[in-house]
């Protein structure tokens with residue numbers, strides 16, 4: 113049963129639970145923090161506990177206090193054994209090192225306290241085991257196992273298969289999962305839930321403790337933490353102290369009109385505003401959304417000369433670990449005036465005291481905003497202060513609504529991936545290394561994880577068949593199974609002496625970073641671009657890298673060759689896959705707010721009243737409120753001009769029929785469901801059109817709408833289109849639409865790597881990503897012919913559910929079917945509405961390909977010929 | 295909307311046609327079908343490098359080889375090298391599948407012949423066992439000289455037919471999407487007439503001829519040469535073959551060669 117903690121315990125009550133020595137040491141602390149009041153007792157009683165609380169609220173100690181106490185108690189009774197009692201898992205190595213240090217200090221204080229009282233307390237050992245741990249450290253750990261083991265999800269999975277060390281885990285009593293809000297939304301977290309079930313299988317019940325920042329809904333996170341026992345979820349006490357820290361949020365735009373002001377002026381003014389802010393504080397932390405943005409901001413701020421060079425730095429994941437560590441240390445020591453970061457400082461690494469968090473652009477979700485702003489005012493009694501600076505019109509609405517929702521205590525729902533077959537395959541290999549399994553018994557184990565609760569036996573069995581090499585067309589061969597699978601007796605186990613090595617060198621869920629190195633033609637290295645970006649480049653394209661422009665010549669095996677070129681405009685926008693998607697719930701909040709403002713305008717309320725309303729609700733300053741009103745009015749005026757009296761909000765989607773200046777038809781859906789939902793809807797609608805006209809359709813997607821572009825000479829009436837995608841056919845449409853796209857190829861490689869179909873490491877050699885990628889198009893076409901080949905099924909699932917948001921797309925479509933939302937079709941126009949400008953300029957595009965391969969080839973021929981003819985004509989002139 | 299693809303001969307030179315929509319050439323006078331680069335057993339070799347490919351390519355390869363052979367009632371089936379993939383001694387699967395293929399060719403009334411490729415070091419053993427004729431360097435037929443294409447070849451001949459390169463052509467469409475196709479190449483390369491076959495193996499794709507400078511190519515007959523006068527015939531196997539304008543119109547970046 114899940115239960116919200118109701119009873120807060122006093123300091124005296126908590127002290128009375130602890131070992132007297134630990135109690136004496138702890139009594140020096142000031143009063144308990146809120147999570148400590150609720151959680152220490154619960155953990156002391158051995159209950160599973162989820163603690164959701166902001167950074168700096170004493171979460172970590174509330175988890176460790178009763179554990180330390182029990183270990184000290186055991187030590188004093190000379191009952192402390194050479195085994196692991198507590199496993200602490202966090203997603204970050206740097207966090208692991210922080211925790212290590214933060215544990216050594218109290219342990220040595222307690223020890224000293226004992227010695228002063230003439231009592232010798234045996235050492236309570238703490239050990240860190242990550243990918244960085246050396247062989248000698250590992251063998252030392254085996255001789256003298258740490259009582260508290262600090263590790264990462266990947267290392268935990270490896271330890272579970274280590275024949276000797278796993279024996280030391282048999283006595284585990286507590287497992288702490290830190291940063292669970294970060295883990296739960298990725299395959300890393302899914303992977304971890306299976307490791308926990310395998311650990312539980314090994315050592316019996318233990319107490320699970322989850323530490324989370326602000327996240328919602330806590331019930332789901334709790335189930336993710338504790339899993340199921342048979343049909344029932346295991347018990348868990350939820351300590352909800354998410355909103356204990358006072359919060360101050362402001363939205364301010366550099367100018368009061370983002371529609372008509374030049375971008376250059378907007379950024380110039382922004383830097384000046386930041387300058388003023390930084391000057392007033394001791395330390396400011398500045399978030400941007402991308403790594404390149406981080407570099408840009410540092411560059412401009414240093415040019416403004418507001419601080420000494422060594423008081424300003426960037427911190428993002430592309431920087432080396434040494435550089436990041438140095439910045440963190442200097443932050444902790446209070447030596448930094450300002451640090452600019454993308455996502456790398458979101459998590460709970462100790463960075464000392466921050467006075468103000470500045471967010472440039474939109475953080476795209478309420479929870480993320482709170483997490484970032486929560487880095488300021490590190491202790492509980494200090495206010496967390498956040499200053500949001502939107503630069504685009506849509507950012508502005510997003511920031512405003514984040515503030516409104518956050519102040520009302522509403523958060524966006526976290527998404528947890530489920531039934532990931534690639535992660536499952538990896539664990540089945542791990543389990544097979546441990547011992548021989550009955551199929552049913554292994555299936556039951558897997559289903560104890562929240563993420564595999566609903567896994568069908570058929571899917572599970574197909575993964576076994578894939579791993580045993582049973583998917584093949586040549587019946588005569590039994591080859592290369594990683595496991596053996598005895599169908600008759602329903603048993604499986606490992607095959608091959610190399611399997612353990614393969615497993616431990618290929619474990620994990622994070623796809624290899626595919627940095628494509630960029631060289632000039634005379635082999636000078638100039639930087640790196642992402643694989644996805646390379647796919648979009650054609651010879652002759654001009655793009656920006658590190659502030660300089662280059663002409664792309666050609667690529668070979670993940671190396672791109674370029675020629676520096678000056679004074680030319682880039683032909684390809686620099687688009688980064690790291691752009692965060694807007695959360696669905698925040699999108700809905702924006703839709704609702706748009707409706708409120710539209711209605712006020714319709715009722716003829718005075719401008720000052722509306723501005724007051726905006727400022728009061730959203731924390732916008734006068735410029736920002738003005739900018740919002742200007743933007744919404746511009747949309748309203750435009751639609752009125754088209755003769756439309758409805759507006760795009762949370763109940764209505766305006767469908768625009770925009771004919772561009774190249775005479776292509778663009779069908780634009782004006783809605784705010786967030787990019788993940790739009791991506792799904794856009795491709796499904798495009799698939800309808802491509803089936804009808806037999807040509808490829810371009811889709812453009814952003815957080816505030818999507819657009820379908822038809823080839824010249826074709827027209828599709830939007831009226832006949834909008835009802836053709838339904839909650840029942842969208843999935844089938846989407847699978848057809850993404851087949852043969854670059855997207856599938858890339859994701860397939862990731863899934864194949866996770867499922868150990870393509871190894872990154874084999875026989876001591878690292879396999880180049882280029883080889884992993886080699887022929888993935890061909891591999892896919894082979895797999896497509898097999899019956900529900902698990903890796904391909906998983907690729908589609910990952911794209912539809914994790915990358916896109918099929919579930920919410922279905923929900924939206926159901927709303928249309930029930931009449932709770934409606935489409936309003938606008939008449940043909942050669943101008944798009946203001947709400948869609950960012951979509952058209954900055955949206956991310958892809959193509960839904962036509963299905964007829966023969967016609968495709970003929971169309972390409974026609975296209976090439978028309979270009980050839982044009983070139984010839986030019987030459988003649 | 296799938297149209298059935300019809301079998302047809304697309305003439306490349308006098309007496310030489312593409313047996314469309316298959317990756318094969320037909321020599322009329324000799325009643326011979328020519329294919330190249332089957333790379334049987336590639337899966338097994340990939341497996342040994344840590345890439346697990348479901349073993350499904352063999353029936354696809356046999357279909358691509360046997361269908362045109364049967365349709366044209368060929369007497370000879372000439373494989374221009376790289377029948378199998380592995381450089382070293384044949385792996386279990388290769389051995390088995392290679393033998394099976396030769397048997398299937400004979401079953402439809404054609405006689406298999408092999409020109410040795412760079413991957414065929416150990417093939418002599420299998421061929422001897424199956425009594426299949428192996429040519430170390432080339433076959434001269436009519437005006438044509440058939441080679442694999444991995445070694446320098448300076449002899450003065452009228453028309454070279456070769457494999458080895460596995461040519462691929464990339465076309466970027468009006469929406470900016472890249473499409474990759476295997477292709478035949480045909481035309482004059484520095485004064486010599488050359489026809490290059492695409493690979494039969496669905497797993498073996500070469501470099502994009504129109505995106506990569508020719509100095510990066512594999513075959514000494516093409517490497518570093520001016521290829522702009524070659525005509526590519528793009529193939530979607532079993533669906534269609536389409537003649538495209540000469541490479542000089544398809545180079546995506548100027549001054550590639």
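Residue numbers (my numbering), protein chains in the order written: chain A, 113 to 989; chain B, 295 to 551. In this text, a Cβ means the ideal position worked out from N, Cα and C, and glycines have one as well. As the structure is a prediction and not an experimental result, all values here were calculated from the model.
Could you please give the first and the last residue of the uninterrupted alpha helix (DSSP H) stretch that includes residue i?
i: residue 695 of chain A; result: No alpha helix (DSSP H) holds residue 695 of chain A; DSSP gives it neither H nor E.
i: residue 214 of chain A; result: 205-228
i: residue 750 of chain A; result: 734-753
i: residue 146 of chain A; result: 146-156
i: residue 115 of chain A; result: Where residue 115 of chain A is concerned, there is no enclosing alpha helix (DSSP H), although the beta strand (DSSP E) it sits in stretches over 114-116.
Please report the distance separating the alpha-carbon of residue i from that of residue j.
i: residue 99 of chain A; j: residue 785 of chain A; result: Summary: the structure shown does not reach residue 99 of chain A, with chain A confined to residues 113 through 989, and so no result is reported for it.
i: residue 911 of chain A; j: residue 753 of chain A; result: 39 Å
i: residue 591 of chain A; j: residue 581 of chain A; result: Any reading at residue 591 of chain A needs caution, since the residue's pLDDT is 47, under 50, leaving its predicted position unreliable; the model's value is listed next. Those two C-alpha atoms are separated by around 6 Å.
i: residue 619 of chain A; j: residue 800 of chain A; result: 40 Å
i: residue 700 of chain A; j: residue 654 of chain A; result: 38 Å
i: residue 614 of chain A; j: residue 874 of chain A; result: 6 Å
i: residue 403 of chain B; j: residue 369 of chain B; result: 7 Å
i: residue 536 of chain A; j: residue 352 of chain B; result: 30 Å
i: residue 508 of chain A; j: residue 424 of chain A; result: 27 Å
i: residue 256 of chain A; j: residue 960 of chain A; result: 58 Å
i: residue 543 of chain A; j: residue 555 of chain A; result: 11 Å
i: residue 588 of chain A; j: residue 926 of chain A; result: Caution is warranted here: a pLDDT of 40 is assigned to residue 588 of chain A, below 50, making its placement in the model unreliable, and no coordinate value can be reported.
i: residue 313 of chain B; j: residue 320 of chain B; result: 6 Å
i: residue 989 of chain A; j: residue 539 of chain B; result: 21 Å
i: residue 551 of chain B; j: residue 541 of chain B; result: Only weak support is given to the placement of residue 551 of chain B: the predicted model assigns it a pLDDT of 34, under 50, and the value that follows is read from those uncertain coordinates. Each residue's Cα considered, the two are about 11 Å apart.
i: residue 524 of chain B; j: residue 408 of chain A; result: 47 Å
i: residue 465 of chain B; j: residue 849 of chain A; result: 20 Å
Kindly indicate the opening and closing residues of the beta strand (DSSP E) around residue i.
i: residue 411 of chain A; result: Unbroken run through residue 411 of chain A is the alpha helix (DSSP H), 403-416; no beta strand (DSSP E).
i: residue 238 of chain B; result: With chain B represented from 295 up to 551, any question about residue 238 of chain B goes unanswered, as that position is not in the structure.
i: residue 327 of chain B; result: 326-329
i: residue 320 of chain B; result: 319-321
From the DSSP output, read off the bridge partner residues of residue i.
i: residue 141 of chain A; result: Residue 141 of chain A is not bridged to any residue.
i: residue 782 of chain A; result: A:766
i: residue 549 of chain A; result: A:604
i: residue 361 of chain A; result: A:498
i: residue 465 of chain B; result: B:473
i: residue 995 of chain A; result: Given a span of 113 to 989 for chain A in the structure shown, any question on residue 995 of chain A remains unanswerable.
i: residue 352 of chain A; result: A:164
i: residue 322 of chain A; result: A:162 and A:289
i: residue 344 of chain A; result: A:341
i: residue 456 of chain B; result: B:490
Mind pulling the chain B residues with CB within less than 9 Å of residue i?
i: residue 973 of chain A; result: 465, 528, 536, 537, 538 and 539
i: residue 982 of chain A; result: None at all; the shortest Cβ gap to chain B is about 11 Å.
i: residue 898 of chain A; result: 348 and 350
i: residue 891 of chain A; result: 345, 347, 348 and 497
i: residue 874 of chain A; result: 342, 343, 344 and 345
Whose Cβ in chain B lies nearer than 7 Å to the Cβ of residue i?
i: residue 668 of chain A; result: 506 and 510
i: residue 970 of chain A; result: 536
So residue i contacts chain A; which residues on that side make the cut at Cβ distance below 9 Å?
i: residue 469 of chain B; result: 808, 809, 810, 821, 823, 957 and 959
Using the beta-carbon of each residue, which ones in chain B are nearer than 8 Å to residue i?
i: residue 965 of chain A; result: 530, 533 and 534
i: residue 555 of chain A; result: By Cβ distance, chain B contributes nothing, its closest Cβ being about 23 Å from residue 555 of chain A, past 8 Å.
i: residue 976 of chain A; result: 465, 538, 539, 543 and 544
So residue i contacts chain A; which residues on that side make the cut at Cβ distance below 8 Å?
i: residue 473 of chain B; result: 968 and 972
* **Uninterrupted alpha helix (DSSP H) stretches inside the stretch 800-846 of chain A (no shorter than 4 residues)** => 830-833, all fully within the stretch 800-846 of chain A.
* Asked: Which ranges does the alpha helix (DSSP H) cover as unbroken runs of at least 4 residues, wholly within the stretch 450-494 of chain A, from first to last along the chain?
  -> Taking only runs of at least 4 residues, the alpha helix (DSSP H) segments lying wholly in the stretch 450-494 of chain A are 478-485.
* Going along the chain, which unbroken runs of the beta strand (DSSP E) with 3 or more residues stay wholly within the stretch 393-450 of chain B? -> The DSSP assignment places 405-409, 427-429, 433-435 and 438-440 as complete runs of the beta strand (DSSP E) inside the stretch 393-450 of chain B, in order along the chain (cut-off: 3 residues).
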